[in-house]
Amino acid sequence: MWSGPRTVSTALMRAWENRPDSAVTDEPLYAFYLDRTGLDHPGRDAVIASQPTDWRVVLAGLARGPLPGGAAIGYAKHMTHHLLPEVDRAALARSGTRT
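Note that this note's numbering numbers the sequence shown so that position 82 is 84, with each residue one more than the last.
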């Protein structure tokens, strides 16, 4: 899901994470975004240390199965401003599919 208004996207993410059959990823491109832009956001270093900073690795991780904990549904909350021009838009279509 690409985020709508901030409170709506968080509410949707919380709803999906409360389903026992779902695995949720919150802003998987955030570390990539912070690394590439150099922005000084709160918790920047911790975010970069906790997630891949290569968008290719992020999207490949979203596309690979199985989901954590045996979940049947994967839900990723994305922020559109994290989608920098260098990200291959065709790779996004593949990230919604698991094998």
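Even glycine gets a Cβ: it sits at the ideal position worked out from N, Cα and C.
Fair warning: this is a prediction, and the values are worked out from it, not measured in the lab.
Compute the Euclidean distance between the alpha carbons of residue i and residue j, then round it to the nearest angstrom.
i, j, result
"residue 41", "residue 66", "30 angstroms"
"residue 58", "residue 32", "13 angstroms"
"residue 101", "residue 88", "At residue 101, the pLDDT of 44 sits below 50, so the modelled position is not reliable; the number obtained from the coordinates is stated separately. Looking at the two C-alpha atoms, the distance is approximately 26 angstroms."
In or out: residue i buried (at least 16 other Cβ within 10 Å) or exposed?
i, result
"residue 78", "buried"
"residue 10", "exposed"
"residue 71", "exposed"
"residue 76", "buried"
Among the residues of its own chain, which have a CB less than 7 angstroms from the CB of residue i, if the five just before and after it don't count?
i, result
"residue 28", "15 and 79"
So, residue i versus residue j, is the Cβ gap smaller than 8 angstroms?
i, j, result
"residue 60", "residue 68", "no"
"residue 23", "residue 62", "no"
If you reduce the DSSP assignment to three classes, tell me which class residue i lands in.
i, result
"residue 43", "coil"
"residue 55", "coil"
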